[in-house]
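What follows is one structure encoded as structure tokens, with my remarks underneath.
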DNA sequence: ATTTATTATGTAAAAAGTACACATTTCGGA
DNA sequence: TCCGAAATGTGTACTTTTTACATAATAAAT
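Protein chains in written order, with the numbering used here: chain A, 17 to 264; chain B, 17 to 264.
So this is what it looks like as structure tokens:
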């Protein structure tokens, strides 16, 4: 985090200056802000999205993204983490801001600006607890319409993910700790919507040298089991910079 | 723009439903929203940023980004374009949302959330009119500190630009209509902070086939003049998709 | 005419990406 | 226990992209 002027002790006349600034700011229009989280999961070779039944009567029967209003003096990132924690019980989930949506009529009750977040988690994770039965995982490709402008937000986050996953090894956040190369490839194919050559795919990951062979095999598969790997998060964090040049 | 539910005529009971939703939304905390534009220019082989003297007494002597509050029912993009138009007189400027900044103490007068925009324009453009003498172009590399959290915003936009310019031909927005390959290369070198091989650089742009030789030469240079080119915006717009796969 | 600075250009080597086939292993059922 | 089905695991040739590198030609300034 960059140091900013607030880290310095306040100077003599600052209190009155803040009052002046306060008057200025007080004249600005004020808007309710929400965060909306697109929570992606991966199961049965399909990309999934966690949705909730809309809490608005007028959207009865429609699903919507998980969101909440942003509290007083709450950071946007914090609000998004809070939503995740409240809805899934999980901490330490991959989360990134995508962008703000501000169409004046996007909320039927009047103006609400929302900031969209994209989050990736492992559906099978033991800490994952989907509270309330209004929450369900939906296959991404089957989602046709959502409440509010949430379909637009979902599509933006999906595109964001498609691009992002080609530049950073994010996919692991969607998989169990131990996974086979087939699962990994299925994941990439599902997200990118293409089919990939198995040998080239494996070669690519081998060259990255970020997979650790855990010395175990798949179980309960109706065919020859594959080796299981885990992602070398430590090594990735260390060498992050060289991945995309700048740590963006 | 995705079609949303508001395109449909309202159903019978909708009015009262909106009232319910309205009550809900009315309970949300409300926040002043601003947009801040990082306006990049390029001159004398240097990346420049347009800054204004801070209008807050307490930041006297410090520079800040160009911004404004977002009006009632105004889209964020619209607010950013408005700032650009008001400050530079220019329309049709390249502009893109980067992200929101929400640190609760980022504004001394209390909570203000801002959405950062990155904009690229041609400093020499004949329509460019910098109103008021509180506005000045600053060499990017010389900017040490800014009012508010604007240095942090500037750095985020700069990183965003570095990444973006490697994926899309944005650089042309910073150059005159006609430019030499040397100017183009200087631009890339300034933004990326590296030096590039001239032959390979030219080869790369030649292979894109997006430059039109206008049949003129540089003038007033103290050495052998180079050919002038213009960017083939039409062709680029047509083939945009193939550039990065998805039109992101 | 000479010097200086810059334009313009090609080729070879290395790296990365793509296309493609076959033997091996396990499961499960006959 | 044998066989078929289904998936794993592996290598090589070809193409494309990226990188490294040097010399002749042009215009300006003196």
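Where is the CB? At the ideal position from N, CA and C, for every residue including glycine.
- Within chain B, the residues whose beta carbon sits less than 7 angstroms from that of residue 118(A) are 91, 92, listed in sequence order.
- The beta carbon of residue 47(A) lies closer than 8 angstroms to those of 127, 128, 129 in the same chain, with the five residues before and after it left out.
- Here residue 246(A) is bridged, per DSSP, to 228(A).
- Contact between residue 171(A) and residue 246(A) is absent: CB atoms are separated by about 32 angstroms, not below the 8 angstroms threshold.
- Linking residue 82(A) to residue 139(A) through their CA atoms gives a straight-line distance of about 16 angstroms.
- Here the stretch 96-115 of chain A makes no contact with the stretch 61-69 of chain B; the two share fewer than three CB pairs at distances below 8 angstroms.
- In this structure, DSSP gives residue 114(B) an extended state, which the three-state scheme calls strand.
- When DSSP states are grouped into helix, strand and coil, residue 150(B) belongs to the coil group.
- For residue 46(A), the nearest beta carbon of chain B is closer than 8 angstroms to its own beta carbon.
- For the stretch 120-132 of chain B, the residues whose beta carbon sits under 9 angstroms from a beta carbon of chain A are, in order, 120, 121, 122, 123, 124, 125, 126, 127, 128, 129, 131.
- The three-state secondary structure of residue 255(A), taken from DSSP, is helix.
- Under the three-state reduction of DSSP, residue 204(A) is assigned to helix.
- Under the Cβ criterion (8 angstroms, minimum of three pairs), the stretch 134-152 of chain A does not count as touching the stretch 112-122 of chain B.
- In this chain, residue 44(B) is not harboured by any alpha helix (DSSP H), its DSSP state being neither H nor E.
- Counting along the chain, the unbroken alpha helix (DSSP H) around residue 175(A) starts and ends at 166-181.
- With its beta carbon at least 8 angstroms from every one in chain B, residue 202(A) lies outside the interface.
- In this structure residue 166(A) is buried. Its beta-carbon is surrounded by 16 or more other beta-carbon atoms within 10 angstroms.
- In the three-state reduction of the DSSP assignment, residue 155(B) falls in the strand class, which pools E and B.
- Our two residues, residue 160(A) and residue 187(A), have alpha carbons roughly 24 angstroms apart in a direct line.
- In the DSSP assignment, residue 69(B) is bridged to 79(B).
- By the rule that beta-carbons nearer than 8 angstroms mark a contact, residue 205(B) does not touch chain A.
- Residue 136(B) and residue 176(A) have their alpha carbons spaced roughly 22 angstroms apart.
- Within the same chain, 208 come within 8 angstroms of residue 182(A) by CB-CB distance, once the 5 residues on both sides are set aside.
- The stretch 248-256 of chain B makes no contact with the stretch 198-212 of chain B, as fewer than three CB pairs between them are under 8 angstroms.
- Taking 7 angstroms as the cut-off between beta carbons, the residues of the stretch 142-165 of chain A near chain B are 165, in sequence order.
- Membership of residue 136(A) in the beta strand (DSSP E) is indicated by the continuous run 129-136.
- Contact annotation: residue 131(B) and residue 132(A) have beta-carbon atoms that are not nearer than 8 angstroms.
- In the three-state reduction of the DSSP assignment, residue 193(B) falls in the coil class, being assigned neither a helical nor a strand state.
- In the DSSP assignment, residue 101(A) falls within the alpha helix (DSSP H) that extends over 92-104.
- Interface annotation, residue 55(B): not in contact with chain A, CB-CB separation never under 8 angstroms.
- In the structure shown, residue 199(B) falls within a helical segment according to DSSP collapsed to helix, strand and coil.
- With respect to the C-alpha of residue 118(A), the residue from 106(A), 51(A), 237(A) having the closest C-alpha is 51(A).
- In the three-state reduction of the DSSP assignment, residue 145(B) falls in the coil class, being assigned neither a helical nor a strand state.
- Under the three-state reduction of DSSP output, residue 187(B) falls in the helix class.
- With fewer than 16 other Cβ atoms inside 10 Å of its own Cβ, residue 73(A) counts as exposed.
- Nearest CB-CB separation between residue 187(A) and chain B: not below the 8 angstroms threshold.
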